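Undergrad: Pasting a structure below so you can have a look.
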Amino acid sequence: MTQPNAGTLFGHPKGLFLLFGTEMWERFGYYGMRALLVLYLVASVQDGGFGWTPAQALSLYGTFTMAVYLTPVLGGWLADNYIGQRRAIIWGGLIFSLGYFTLGIPKSMIVGMEETVFYIGLALIIIGNGLFKANVSSLVGDLYKEGDHRRDGAFTIFYMGINLGGFLAPITVGVLGEQVNWHYGFILAGCGMLIGLALQITLANKYLGDIGVVPSAKRTKGDTKAHAPVTSQDIDRMKVILIMSMFSVIFWAGFEQAGGLFTIYASDFTDRTIFGFEVAASSFQSLNALFIIMLAPLVASVWIKMGSNEPTSPKKFALAMVFLALGFFVMLWATMVQGGDVTVKVSMLFLVFAYLFHTLGELCLSPIGLSMVTKLAPLKFTSVLMGIWFLFTALSNKLAGFIGSFVGEGQEMVDNAANIFMGVGLAALITGAIIFLSAGKLVEWMHGAEGAHTDDLDEKIEEELAVTATHEGITEKHS
Numbered sequence: 001m002t003q004p005n006a007g008t009l010f011g012h013p014k015g016l017f018l019l020f021g022t023e024m025w026e027r028f029g030y031y032g033m034r035a036l037l038v039l040y041l042v043a044s045v046q047d048g049g050f051g052w053t054p055a056q057a058l059s060l061y062g063t064f065t066m067a068v069y070l071t072p073v074l075g076g077w078l079a080d081n082y083i084g085q086r087r088a089i090i091w092g093g094l095i096f097s098l099g100y101f102t103l104g105i106p107k108s109m110i111v112g113m114e115e116t117v118f119y120i121g122l123a124l125i126i127i128g129n130g131l132f133k134a135n136v137s138s139l140v141g142d143l144y145k146e147g148d149h150r151r152d153g154a155f156t157i158f159y160m161g162i163n164l165g166g167f168l169a170p171i172t173v174g175v176l177g178e179q180v181n182w183h184y185g186f187i188l189a190g191c192g193m194l195i196g197l198a199l200q201i202t203l204a205n206k207y208l209g210d211i212g213v214v215p216s217a218k219r220t221k222g223d224t225k226a227h228a229p230v231t232s233q234d235i236d237r238m239k240v241i242l243i244m245s246m247f248s249v250i251f252w253a254g255f256e257q258a259g260g261l262f263t264i265y266a267s268d269f270t271d272r273t274i275f276g277f278e279v280a281a282s283s284f285q286s287l288n289a290l291f292i293i294m295l296a297p298l299v300a301s302v303w304i305k306m307g308s309n310e311p312t313s314p315k316k317f318a319l320a321m322v323f324l325a326l327g328f329f330v331m332l333w334a335t336m337v338q339g340g341d342v343t344v345k346v347s348m349l350f351l352v353f354a355y356l357f358h359t360l361g362e363l364c365l366s367p368i369g370l371s372m373v374t375k376l377a378p379l380k381f382t383s384v385l386m387g388i389w390f391l392f393t394a395l396s397n398k399l400a401g402f403i404g405s406f407v408g409e410g411q412e413m414v415d416n417a418a419n420i421f422m423g424v425g426l427a428a429l430i431t432g433a434i435i436f437l438s439a440g441k442l443v444e445w446m447h448g449a450e451g452a453h454t455d456d457l458d459e460k461i462e463e464e465l466a467v468t469a470t471h472e473g474i475t476e477k478h479s
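Those letters in the sequence shown? Residues 1 to 479, per full-length UniProt numbering, in order.
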């Protein structure tokens, strides 16, 4: 495999900005569709929706997002062993687009088949996601030779693309879908995916060369490290992966209320009027990406200033659980202001601060996740343990939908929401305490893999921005 010689832009290969654009538009499509999904399902039939109960909508949302985190395991395996990353991206993008446009078919054209067509659209999105999601980022590292100091900066730029797409989608696709026509929103999401796909089809050969064409398994065949015997240190490190994977379920099950229960709360119980303008309920989902872009440099600088006192990964995880709990306690406060009255609308600042605390929690998880798997897993079990991490992430999304479904409907919604917010907040605090008390033993079991703390701000910022990609199951594969 050879690096392309198509020139540089801002000191980086131009191919990096092609991948930036591809990923930004793909995330634009996905986050736009996700911002609309629950609201579309609970909207009345007269308003163009399906008229489902919140419990039904949130249950489906949980199942859908669970599948979204499982299919990249198969998609990555197909790309690595048979079709290569580039073909996987093209096929994934095409199937993705078909899924969005299927959701965008007006109901008047499919009378009697509305739900069937809807499920076909979701299935296409799940399949396309599996082929696309994990494969774009794997090409970023391949643009650089081993030891190239620009690599960290490259991933910083790439992660900005992910968060920019995540920020723009709810305030465009969401607004169009909610305030104009649901189907137009899904079509705009599909158009975003088509732009990313067009960039790949027309520019990849010029700016990426042969990177990602040959399946990586063929390029790494014969790696002797993959057959090394498992040591007692490896067993300890695998225990850390499994323990942290299980604890992560609590965090993500709470965090993923953003696309479900929080969105319903924004729609039904939040005063969204500011300066005479009504903010779309789906637009609040932009806050997470916006806060990541704003706060990542600040969090990175805090860790650097702490120097040797910087918390270990398990302690950061415990701190993340505290921030998660704070976000839910803010929402509990909002329900207390309502006093059980479903006609009372609360200030949107409650949601803003809930998203702020949850984003701070997410930023504290940056050393955790797939980066932990790649650091700790024995080479021969990396794929298996990566799959286990995906499995726990998928389960957390299904659990998120299950928890949110207890909100019920009608007069009981505010009281039920209060119970959910309090329950998840307390569970997060208890989990955080357990992790904090176990942190010493967990670090000991890592056997030095925790590594030294860096004083490089750019490297730290890259680490903090990586949280979105880490949650999505996007890994840095370097050949």
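Note that the Cβ used here is the ideal one computed from N, Cα and C, for glycine as well. These numbers come from a predicted model, not from an experiment.
Just the C-alpha distance for Ser108 and Tyr119, rounded to the nearest angstrom, thanks.
TA: Each residue's Cα considered, the two are about 17 angstroms apart.
Undergrad: Could you round the C-beta distance between Met244 and Met372 to whole angstroms and report it? I think they count as a contact, below 8 angstroms.
TA: Met244 to Met372, Cβ: 6 angstroms. Contact.
Undergrad: Check whether the segment 37-45 and the segment 56-72 are in contact - that is, three or more C-beta pairs closer than 8 angstroms.
TA: Verdict: yes, contact present.
Undergrad: How about Ser301 and Leu457: are their beta carbons less than 8 angstroms apart?
TA: Result yes, Cβ atoms of Ser301 and Leu457 sit closer than 8 angstroms.
Undergrad: Considering Cα atoms alone, identify which of Met33, Gly448 and Pro13 is closest to Gly259.
TA: Selected option, being the one with the closest Cα: Met33.
Undergrad: How many angstroms separate the CA atom of Glu463 from the CA atom of Gly51?
TA: Rounded to whole angstroms, Glu463 to Gly51 spans 42 angstroms at the Cα level.
Undergrad: Mind checking whether Gly327 and Val73 have CB atoms under 8 angstroms apart?
TA: For Gly327 and Val73, no; Cβs fall outside 8 angstroms.
Undergrad: If you drop the 5 nearest sequence neighbours on each side, which residues of the same chain put their C-beta closer than 6 angstroms to that of Leu385?
TA: Excluding positions up to five away in sequence, the list reads Ile241, Val373 and Ala377.
Undergrad: Closest to Met238 by C-alpha separation, out of Lys380, Gln285, Gly92 and Phe132, would be which residue?
TA: The option with the nearest alpha carbon to Met238 is Lys380.
Undergrad: Name the residue from Lys460, Ser396, Thr172 and Phe392 whose alpha carbon lies nearest to the alpha carbon of Tyr30.
TA: Selected option, being the one with the closest Cα: Thr172.
Undergrad: Cβ of Ser248 within 8 angstroms of Cβ of Ser396?
TA: Yes, Cβ-Cβ distance for Ser248 and Ser396 is below 8 angstroms.
Undergrad: Could you tell me which residues DSSP pairs with Asp271 in its beta bridges?
TA: The partner list for Asp271 (beta bridge, DSSP) reads Ser347.
Undergrad: Give me the Cα-Cα distance between Val342 and Gly410, rounded to the nearest whole angstrom.
TA: Going from the Cα of Val342 to the Cα of Gly410 covers about 8 angstroms.
Undergrad: According to DSSP, simplified to helix, strand and coil, what is Glu278?
TA: Looking at Glu278 - three-state DSSP - the assignment turns out to be strand.
Undergrad: Are the CB atoms of Leu131 and Ala88 within a distance shorter than 8 angstroms?
TA: Closer than 8 angstroms, so yes.
Undergrad: In this structure, does DSSP put Pro378 in helix, strand or coil?
TA: Of the three classes helix, strand and coil, the one that applies to Pro378 here is coil, per DSSP.
Undergrad: Tyr30 lies in the alpha helix (DSSP H); which residues open and close that run?
TA: From DSSP, the alpha helix (DSSP H) with Tyr30 extends over Lys14 to Val42.
Undergrad: According to the neighbour-count rule (16 or more other Cβ atoms, all chains shown, within 10 Å of its Cβ), is Ser308 buried or exposed?
TA: Exposed: under 16 other Cβ atoms inside 10 Å.
Undergrad: At 3 residues or longer, what runs of the beta strand (DSSP E) sit wholly inside the segment 85-115?
TA: Complete beta strand (DSSP E) runs here, min 3: none at all.
Undergrad: CB Pro215 to CB Ala79, shorter than 8 angstroms?
TA: Yes, they are a contact pair.
Undergrad: Mind reading off the beta-carbon distance from Leu360 to Phe317? Whole number of angstroms is fine, and I expect it under 8 angstroms.
TA: 13 angstroms between Cβ atoms; not a contact.
Undergrad: Nearest-angstrom Cα distance between Glu412 and Asn419?
TA: Rounded to whole angstroms, Glu412 to Asn419 spans 11 angstroms at the Cα level.
Undergrad: Under DSSP, the alpha helix (DSSP H) around residue 490 begins and ends at which residues?
TA: Residue coverage of the chain in this structure runs from 1 to 479, which leaves residue 490 outside it and unanswerable.
Undergrad: Cβ of Val42 less than 8 angstroms from any chain D Cβ?
TA: Absent from the structure: chain D. Only one protein chain is present.
Undergrad: Quick one: what's Thr8 bridged to in DSSP?
TA: DSSP output for Thr8 lists Pro13 as bridge partner(s).
Undergrad: Does Thr116 pass the burial test, meaning 16 or more other C-beta atoms within 10 Å, or should it be called exposed?
TA: It counts as exposed.
Undergrad: For Ile433 and Phe251, what's the separation of their Cα atoms in angstroms?
TA: A quick correction: the sequence has Ala, not Ile, at residue 433. Approximately 13 angstroms between the Cα atoms of the pair.
Undergrad: With a floor of 4 residues, list each alpha helix (DSSP H) that falls wholly inside the segment 168-249, ordered by position along the chain.
TA: Within the segment 168-249, the complete alpha helix (DSSP H) runs of at least 4 residues are 175-179, 182-208 and 216-219.
Undergrad: For the alpha helix (DSSP H) containing Trp333, list its first residue and its last residue.
TA: Ser313 to Gln338 is the extent of the alpha helix (DSSP H) around Trp333.
Undergrad: Which of the three DSSP states is assigned to Lys441 in this structure?
TA: Residue state, collapsed to three classes: helix.
Undergrad: What's the C-alpha gap between Gly161 and Leu19?
TA: Looking at the two C-alpha atoms, the distance is approximately 9 angstroms.
Undergrad: Which residues in the same chain as Trp333 place their Cβ atom closer than 8 angstroms to its Cβ, once the five residues preceding and following it in sequence are excluded?
TA: Same-chain partners within the cutoff: Phe350.
Undergrad: Tell me, to the nearest whole angstrom, how far the beta carbon of Asp271 is from that of Gly340; I am working on the premise that it is less than 8 angstroms.
TA: That belief does not hold up - the Cβ atoms of Asp271 and Gly340 are roughly 17 angstroms apart, past 8 angstroms.
Undergrad: Considering only their Cβ atoms, is the gap separating Ala427 from Leu261 smaller than 8 angstroms?
TA: Their beta carbons are not under 8 angstroms apart, which means Leu261 does not touch Ala427 by this criterion.
Undergrad: Which term fits Thr202, buried or exposed, when burial requires 16 or more other beta carbons within 10 angstroms of its beta carbon?
TA: The residue in question, Thr202, is exposed, as its Cβ has fewer than 16 Cβ neighbours within 10 Å.
Undergrad: With distances taken between CB atoms, is the gap from Ile304 to Leu363 smaller than 8 angstroms?
TA: No, Cβ-Cβ distance for Ile304 and Leu363 is not below 8 angstroms.
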